[in-house]
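Novice: Those sequence lines, one after another, are chains A and B. Everything in the first sequence is counted per this note's numbering, starting at 288 for the first residue and increasing by one. Everything in the second sequence is counted per this note's numbering, starting at 41 for the first residue and increasing by one. We put the beta carbon where it would ideally sit given N, CA and C, even for glycine.
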Amino acid sequence: MKEKNDVWQGTLALMVLQSLEALGPQHGYGIARRIEQISEDLLSINQGTLYPVLLKLEQEGAIRSEWGVSENHRRAKFYRLTRAGRKQLESDSRQWQQTIDVVARFLLW
Amino acid sequence: MNLLRRTWKRLIGTFANPRRDDEMAEEIEAHLQMQTEDNLRRGMSPQEARRAAALKFGGIESVKESYRDQRGLPWVAAFGQDVRYAVRSMRKSPEFAAAAILSLALGIGATTAIFSVADSVLLRSLPYAQADRLATVSSDGAVTAPLCELFRREARSIEQAALFTNWSFNLAGQGEPERIPAARVSAGIFRLLGVTPELGRTFTAGEDQTGRENVVLIGDGLWKRRFGGDPNILGRTLLLNGAPHTVIGVMPPGFRFPEGPEHHATVGPFPPAEMWRPMALLGWERTCDQCWNFGMLVRQRRGVSTRDTAAELTSILRIHGGSPTDVITVRNLQDAVVGQARTPILILFGAVTLALMIACLNVANLLLARGLRRREEIAIRLALGATRARVAQQGFTEALTLAFCAAGLALPVAWISVRGLVAIAPAGIPRIAAAAVDARMFGFALSLALLTAVLSGIAPALLTARRAPGEALKTSGRTATAAPSRLRATLVVSEFALSLVLLVGSGLLARSFLTVSRIPLGFHAENVLTMQLSLPDARYEEHRRAALIERLISNCSALPGVSVAAATSTLPLTGESEGWGIIAEDNPDHEHYTMARARAITPGYFRALGIRMRAGREFNDNDRGGQAVAILSESAARRLWPGVADPVGRRLLHKPPITVVGIVDDTHASGVDAEVRPYVYVPFRQFAPPEFAVVVRSAASPLALVNPVKTEIWRIDKDQPITHIATMRQVVADSIAPRRFQATLMTLFAAFAMVLAAIGIYGVLSYAVALHTQEIGIRMALGASRLSVVAGVLKQASILAIAGTTLGLVAAFRLAPLLGSLLYGVEVTDYSIFLGCAVLLLGVALVASVIPARRAARLDPIACLRYE
Chain A
288 MKEKNDVWQG TLALMVLQSL EALGPQHGYG IARRIEQISE DLLSINQGTL
338 YPVLLKLEQE GAIRSEWGVS ENHRRAKFYR LTRAGRKQLE SDSRQWQQTI
388 DVVARFLLW
Chain B
41 MNLLRRTWKR LIGTFANPRR DDEMAEEIEA HLQMQTEDNL RRGMSPQEAR
91 RAAALKFGGI ESVKESYRDQ RGLPWVAAFG QDVRYAVRSM RKSPEFAAAA
141 ILSLALGIGA TTAIFSVADS VLLRSLPYAQ ADRLATVSSD GAVTAPLCEL
191 FRREARSIEQ AALFTNWSFN LAGQGEPERI PAARVSAGIF RLLGVTPELG
241 RTFTAGEDQT GRENVVLIGD GLWKRRFGGD PNILGRTLLL NGAPHTVIGV
291 MPPGFRFPEG PEHHATVGPF PPAEMWRPMA LLGWERTCDQ CWNFGMLVRQ
341 RRGVSTRDTA AELTSILRIH GGSPTDVITV RNLQDAVVGQ ARTPILILFG
391 AVTLALMIAC LNVANLLLAR GLRRREEIAI RLALGATRAR VAQQGFTEAL
441 TLAFCAAGLA LPVAWISVRG LVAIAPAGIP RIAAAAVDAR MFGFALSLAL
491 LTAVLSGIAP ALLTARRAPG EALKTSGRTA TAAPSRLRAT LVVSEFALSL
541 VLLVGSGLLA RSFLTVSRIP LGFHAENVLT MQLSLPDARY EEHRRAALIE
591 RLISNCSALP GVSVAAATST LPLTGESEGW GIIAEDNPDH EHYTMARARA
641 ITPGYFRALG IRMRAGREFN DNDRGGQAVA ILSESAARRL WPGVADPVGR
691 RLLHKPPITV VGIVDDTHAS GVDAEVRPYV YVPFRQFAPP EFAVVVRSAA
741 SPLALVNPVK TEIWRIDKDQ PITHIATMRQ VVADSIAPRR FQATLMTLFA
791 AFAMVLAAIG IYGVLSYAVA LHTQEIGIRM ALGASRLSVV AGVLKQASIL
841 AIAGTTLGLV AAFRLAPLLG SLLYGVEVTD YSIFLGCAVL LLGVALVASV
891 IPARRAARLD PIACLRYE
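1. Please list the residues of the region 339-353 of chain A that have a C-beta atom closer than 7 Å to any C-beta atom in chain B, keeping them in chain order.
2. Do residue 317 of chain B and residue 256 of chain B come within 8 Å of each other at the CB atom, strictly closer than that value?
3. By Cβ distance below 7 Å, which residues in the same chain neighbour residue 165 of chain B in space, the five residues on each side in sequence not counted?
4. Since residue 656 of chain B and residue 688 of chain B should fall inside the 8 Å C-beta cutoff, what is the C-beta to C-beta distance between them, to a whole number of angstroms?
5. In its own chain, which residues sit with a C-beta less than 7 Å from the C-beta of residue 725 of chain B, not counting the 5 before and 5 after it?
6. Does the beta-carbon of residue 835 of chain B have 16 or more other beta-carbons within 10 angstroms, so that it is buried, or is it exposed?
7. Does residue 70 of chain B come within less than 8 Å of chain A when only Cβ atoms are used?
8. When the cut-off is 8 Å and only beta carbons count, does residue 433 of chain B lie next to chain A?
9. Assuming residue 239 of chain B contacts residue 274 of chain B under a Cβ cut-off of 8 Å, what Cβ separation, rounded to an integer in Å, is found between them?
10. Please name the residue or residues paired with residue 335 of chain B in a DSSP beta bridge.
11. Hey, is the region 260-274 of chain B in contact with the region 195-202 of chain B, meaning 3+ C-beta pairs nearer than 8 Å?
12. Which residues in the same chain as residue 92 of chain B place their Cβ atom closer than 6 Å to its Cβ, once the five residues preceding and following it in sequence are excluded?
13. Mind checking the region 60-91 of chain B against chain A and listing, in chain order, the residues whose C-beta falls within less than 9 Å of any C-beta there?
14. Per DSSP, residue 727 of chain B is paired with what?
15. Along the beta strand (DSSP E) that carries residue 353 of chain A, what are the first and last residues, could you check?
16. Among B:775, B:672, B:696, B:693, which one has its Cα closest to the Cα of residue 686 of chain B?
17. For residue 98 of chain B, return the contacting residues in chain A, with the cut-off set at a CB-CB distance below 7 Å.
18. With 8 Å set as the bound, which would you pick, yes or no: does the beta-carbon of residue 363 of chain A sit closer than that to a beta-carbon of chain B?
19. Do you know offhand how far residue 772 of chain B's Cα is from residue 243 of chain B's?
20. Mind checking residue 385 of chain A: buried by the 16 CB within 10 Å criterion, or exposed?
21. Am I right that residue 227 of chain B and residue 245 of chain B are in contact with their C-beta atoms under 8 Å? What's the rounded C-beta distance?
22. Using the Cα positions of residue 271 of chain B and residue 235 of chain B, report the straight-line distance between them to the nearest angstrom.
23. Whole-angstrom Cβ separation of residue 569 of chain B and residue 767 of chain B, contact assumed at under 8 Å?
24. Could you please give me the residues that DSSP links to residue 476 of chain B through a beta bridge?
25. Going by DSSP in three states, residue 243 of chain B sits in which element: helix, strand or coil?
26. Residue 316 of chain A CB to nearest chain B CB: under 8 Å?
27. What does the Cβ neighbour count give for residue 871 of chain B, buried or exposed, with the cut at 16 atoms within 10 Å?
28. Classify residue 779 of chain B: buried if its beta carbon has 16 or more other beta carbons within 10 angstroms, exposed otherwise.
29. List the residues of chain B whose Cβ lies closer than 9 Å to the Cβ of residue 380 of chain A, in chain order.
30. Opposite residue 318 of chain B in the DSSP bridges: which residues?
31. Starting from the C-beta of residue 518 of chain B, find all residues in its chain whose C-beta is less than 6 Å away, skip the five residues before and the five after it, and write them out in chain order.
32. Tell me whether residue 303 of chain B is buried or exposed, calling it buried when 16 or more other Cβ atoms sit within 10 Å of its Cβ.
33. Can you name, in chain order, every residue of its own chain whose Cβ lies under 8 Å from the Cβ of residue 305 of chain A, other than the five neighbours on each side?
34. Just to confirm, is the Cβ distance from residue 541 of chain B to residue 388 of chain B under 8 Å?
35. CB-CB under 6 Å to residue 739 of chain B, same chain, minus the five flanking residues each way: which ones, in chain order?
36. Name the chain B residues that come within less than 7 Å of residue 326 of chain A, Cβ to Cβ?
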């Protein structure tokens with residue numbers, strides 16, 4: 288499968304980073320749940336698409352993973368924000384904010 | 041930065057262990073379970089909960105695949121897969137792999153080797169300051185001291201001039217007595233060349249005066265070998281030719297002067313000098329205008345060409361009493377050093393390049409053949425959704441694998457070939473010892489091979505993919521389209537054409553070599569043992585030397601098994617003795633002296649070498665002191681006294697006059713294939729040279745006499761170095777070694793090319809037969825005889841071979857003149873050789889096509905029709 292939708296992946300990545308920032312170390316399912324809750328099911332994504340994004344972020348060094356035990360005593364892989372990830376979150380949110388501002392101006396005019 | 045880091049991780053991920061797949065599965069499973077549990081809590085039934093979880097997750101397999109693709113670099117993984125596939129398929133058809141790899145490896149290796157030698161000998165410029173202004177000056181190979189002085193004084197085109205001549209020293213004291221090749225040089229020659237010593241100083245202006253000349257510079261090699269690189273060598277006294285000499289300097293490594301066959305006062309291969317001594321001209325040398333003993337080196341003024349200098353020097357010579365036919369030759373030093381080595385090396389380089397091209401054609405042919413056989417497979421893969429790029433990538437990888445195997449093999453081949461070339465190269469190719477595998481050339485040959493392999497590896501994929509897969513599938517196997525087979529036919533035709541060019545070249549060179557080796561030499565080389573000795577001035581005065589040689593020869597003659605023993609100042613074919621301008625006493629035309637080469641000999645010399653007396657007598661023991669006598673070679677006598685039937689008894693103009701007592705046959709003493717030169721022989725008793733050769737004719741094997749003769753020599757002088765021990769037959773063989781070398785290499789290349797051409801045509805025909813199996817079966821079922829089937833295959837073979845050979849004949853006809861200067865006794869358009877080579881090549885084609893033809897003839901019609 289090609290990485291056909293970079294914008295979508297980028298957006299999803301930002302959501303993942305933001306979730307990890309808010310929740311602390313979390314497994315994939317937890318992240319997926321949070322994204323659903325926040326977006327109030329406006330975003331109907333296949334949860335599976337999350338995993339390639341997680342892998343990409345990990346390869347970029349924004350997050351780190353380790354095996355741990357979930358709240359229901361289930362073995363799960365936990366992701367944690369790294370310092371580089373925090374920086375990336377900051378700059379990405381800033382960029383998004385700017386984009387939103389600009390687009391908002393156009394739409395309001 | 042992120043991209044780089046990610047690519048790196050992915051690269052690692054490509055090769056990471058397969059447990060990662062399990063981890064991913066576990067992670068996904070955990071996710072599904074948690075979702076299922078949540079769903080259960082919301083009140084779903086277990087099955088429903090699981091199903092909903094799976095739905096929400098999306099396609100598990102597609103996530104896994106996308107995860108896998110992202111984890112590694114898919115094309116890298118595919119590459120690894122392709123390499124494994126390539127290796128497997130090479131193992132499955134080893135003869136194909138061997139043919140392709142070997143032909144490439146040999147092609148690349150040989151080209152690199154020859155180029156490395158060419159680079160070392162021809163291309164690297166001389167290590168002198170502004171070397172392009174350096175030139176040698178000579179009249180027929182040498183100059184006299186007065187002539188040099190005249191030029192130095194009068195010529196405006198030259199800035200500095202120096203004389204040099206070969207010399208050798210017997211180095212005694214510590215260790216074995218050793219004969220060191222050396223040179224006498226004008227004191228200013230190092231300044232002229234622009235070189236500085238590694239240690240110490242060069243000669244000062246005063247050191248070329250008699251009495252002050254006992255100083256030497258030594259070469260780096262000698263310094264390290266004999267003196268262990270002793271830094272305190274300066275000021276040390278060496279006993280050279282029995283006289284003390286002071287070492288004043290060490291020349292840097294790689295300093296070689298004089299160098300090259302054309303570069304010596306005397307003709308013939310000399311080992312490079314390892315010692316230099318200032319040239320203090322003796323009184324007679326200074327004034328003797330018939331003593332053509334010196335080489336002359338000049339530095340031309342800036343902007344002056346060798347042609348300008350030659351014109352000026354020639355006119356100076358003619359004004360100052362030279363004859364109007366005198367010509368001065370000026371050669372750029374680089375040309376002079378490289379000399380006759382240039383043409384053969386360039387020719388060999390051209391030949392080996394042709395061989396490399398044939399190797400590439402052949403590999404292209406083999407790869408195409410195999411690729412085409414896989415059309416069906418490719419078509420299926422395309423139909424199943426493989427991209428063209430992916431299929432091409434596989435072809436590319438296979439080709440690359442092949443080329444890299446070849447490269448791995450080519451490097452040792454190149455290395456061994458260079459060492460081999462250096463070892464078997466005839467003496468006298470300057471600077472060849474410095475040859476080492478040249479990385480640039482190896483790179484070039486390798487890229488050529490890679491390009492060939494890659495192009496022919498991708499081609500089948502592209503050719504197949506050009507059309508719709510379905511069509512390829514339908515036509516697969518049985519009826520090949522015309523395009524690829526026409527391409528392959530073209531390759532085979534080119535292989536044949538190039539092979540014929542090489543064959544003709546090797547034929548011409550081999551014929552020349554055979555012609556030369558059959559030239560009657562004027563002497564008999566069988567059963568003759570020779571060795572060379574040196575009795576330097578300082579240890580032996582001339583009369584003592586003559587007495588010593590006489591005693592040595594008479595002792596040797598008494599040895600059992602010796603029929604005649606003699607000595608000569610210069611052995612035939614080992615160099616040229618000094619020139620004498622001889623003039624008939626009764627025809628004193630000073631303007632037209634005859635240039636003859638002088639040889640001092642002992643009485644038995646003509647019998648020892650089997651040279652026939654034509655008139656008069658040999659020297660005998662009475663030819664001493666009193667009357668000066670000489671024996672002339674036939675051509676010398678004819679030039680001095682044209683038309684005189686028997687010149688014996690006439691005299692040469694000299695003080696005192698020299699009486700001619702005999703005439704002998706001409707000999708090819710200055711070179712087997714050189715023009716016959718006039719010789720004047722004088723008795724040892726009247727002129728005993730410091731260096732001479734012992735010539736012993738034996739009744740049986742001459743090598744059995746080596747030790748007895750050595751013992752005799754050492755019994756007379758235990759410090760006497762003996763060099764160049766060889767049978768006369770060996771001496772003759774060595775003198776025509778360059779021709780043998782050229783002919784051998786060319787024949788090797790031609791043979792290599794011919795084998796490749798045979799493989800090429802065999803491949804094409806086998807493929808054709810395999811392709812047309814069904815058609816052949818139908819024809820046979822309809823009543824075609826086996827003979828006509830065979831004829832059909834052979835017809836294809838002959839069309840290819842004849843087309844290639846014809847093209848080759850045309851090309852060879854155009855290229856053969858390049859060989860002109862290397863040939864002897866054979867025309868560059870020798871039809872018998874051209875036709876012979878064409879017939880040979882056609883014969884090879886026929887033999888190569890017999891196997892496929894037989895295979896076609898033995899086909900069982902029934903089996904054929906079922907053949908898929």
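Specialist: Taking the coordinates as given:
1. 339, 342, 343, 346, 347, 348
2. To locate residue 256 of chain B, count along the second sequence from 1; it is residue 216. To locate residue 317 of chain B, count along the second sequence from 1; it is residue 277. Yes.
3. Locating residue 165 of chain B in the second sequence gives position 125, counting from the first residue. Excluding positions up to five away in sequence, the list reads 171, 374.
4. To locate residue 656 of chain B, count along the second sequence from 1; it is residue 616. To locate residue 688 of chain B, count along the second sequence from 1; it is residue 648. At roughly 4 Å, the Cβ-Cβ gap stays under 8 Å, so residue 656 of chain B and residue 688 of chain B are in contact.
5. The sequence position of residue 725 of chain B within the second sequence is 685, counting from 1. Correct list, in chain order: 586, 663, 664.
6. Locating residue 835 of chain B in the second sequence gives position 795, where the first residue counts as 1. Answer is exposed; the Cβ neighbour count stays below 16.
7. On the second sequence, residue 70 of chain B is found 30 positions in, with the first residue counted as 1. By this cut-off, residue 70 of chain B is an interface position.
8. As a working mapping, residue 433 of chain B is identified with position 393 in the second sequence. Taking Cβ atoms only, chain A never reaches closer than 8 Å to residue 433 of chain B, which makes this a no.
9. Here residue 239 of chain B refers to the residue found at position 199 when the second sequence is read from its first residue. Here residue 274 of chain B refers to the residue found at position 234 when the second sequence is read from its first residue. Correct: roughly 6 Å between the Cβ atoms.
10. Position 295 of the second sequence holds residue 335 of chain B. Looking at the DSSP assignment, residue 335 of chain B forms a beta bridge with B:204.
11. no
12. Taking the second sequence and counting its residues from 1, one reaches residue 92 of chain B at position 52. Same-chain partners within the cutoff: 79.
13. 63, 64, 66, 67, 68, 70, 71, 72, 73, 74, 75, 77, 78
14. The residue labelled residue 727 of chain B in the question sits at position 687 within the second sequence. According to DSSP, which records beta bridges pairwise, residue 727 of chain B is partnered with nothing at all.
15. For this step, residue 353 of chain A is matched to residue 66 along the first sequence. From DSSP, the beta strand (DSSP E) with residue 353 of chain A extends over 350-356.
16. Translated into positions along the second sequence, residue 686 of chain B becomes position 646. The candidate whose alpha carbon is nearest that of residue 686 of chain B is B:672.
17. Here residue 98 of chain B corresponds to residue number 58 of the second sequence, with the count starting at 1. 333, 334, 335, 336, listed in chain order.
18. Within the first sequence, residue 363 of chain A is the residue found at index 76, counting from 1. Yes, its Cβ sits closer than 8 Å to a Cβ of chain B.
19. Here residue 772 of chain B refers to the residue found at position 732 of the second sequence. Here residue 243 of chain B refers to the residue found at position 203 of the second sequence. Spanning the two alpha carbons is a distance of roughly 39 Å.
20. Translated into the one-based positions of the first sequence, residue 385 of chain A becomes position 98. So residue 385 of chain A ends up on the exposed side.
21. Looking up residue 227 of chain B in the second sequence gives position 187. Looking up residue 245 of chain B in the second sequence gives position 205. Indeed, because the Cβ distance is near 6 Å, the residues count as touching under 8 Å.
22. Position 231 of the second sequence holds residue 271 of chain B. Position 195 of the second sequence holds residue 235 of chain B. Between residue 271 of chain B and residue 235 of chain B, the C-alpha separation is close to 20 Å.
23. By one-based count along the second sequence, residue 569 of chain B stands at place 529. By one-based count along the second sequence, residue 767 of chain B stands at place 727. Between residue 767 of chain B and residue 569 of chain B the Cβ distance is about 6 Å, and since that is below 8 Å, they are a contact.
24. For the purposes of this step, residue 476 of chain B is taken as the residue at position 436 of the second sequence. Paired residues: none, contrary to the question.
25. Mapped onto the second sequence, residue 243 of chain B falls at position 203. If DSSP states are grouped into helix, strand and coil, residue 243 of chain B belongs with coil.
26. Translated into positions along the first sequence, residue 316 of chain A becomes position 29. Residue 316 of chain A counts as touching chain B.
27. The sequence position of residue 871 of chain B within the second sequence is 831, counting from 1. Its Cβ having fewer than 16 others within 10 Å, residue 871 of chain B is exposed.
28. For the purposes of this step, residue 779 of chain B is taken as residue 739 along the second sequence, with counting starting at 1. Buried: at least 16 other Cβ atoms inside 10 Å.
29. Along the first sequence, read from residue 1 onward, the residue named residue 380 of chain A stands at position 93. Ordered by position in chain B, no residue passes the 9 Å Cβ test against residue 380 of chain A, which lies about 17 Å from the chain.
30. Here residue 318 of chain B corresponds to residue number 278 of the second sequence, with the count starting at 1. BP columns for residue 318 of chain B point to B:225.
31. By 1-based counting over the second sequence, the position of residue 518 of chain B is 478. Only weak support exists for where residue 518 of chain B lies, its pLDDT of 46 falling under 50; the value from the coordinates is given anyway. Correct list, in chain order: 814.
32. In the second sequence, the residue the question calls residue 303 of chain B occupies position 263. Here residue 303 of chain B scores only 40 on pLDDT, less than 50, and its place in the model is too uncertain to base an answer on.
33. Locating residue 305 of chain A in the first sequence gives position 18, where the first residue counts as 1. The answer, listed in chain order, is 376, 380.
34. To locate residue 541 of chain B, count along the second sequence from 1; it is residue 501. To locate residue 388 of chain B, count along the second sequence from 1; it is residue 348. No, Cβ-Cβ distance for residue 541 of chain B and residue 388 of chain B is not below 8 Å.
35. The count along the second sequence starts at 1 and reaches residue 739 of chain B at position 699. Around residue 739 of chain B: 601, 603.
36. Stepping through the first sequence from its first residue, residue 326 of chain A is reached at position 39. Within chain B, no residue comes near residue 326 of chain A; the closest Cβ sits about 14 Å away, beyond 7 Å.
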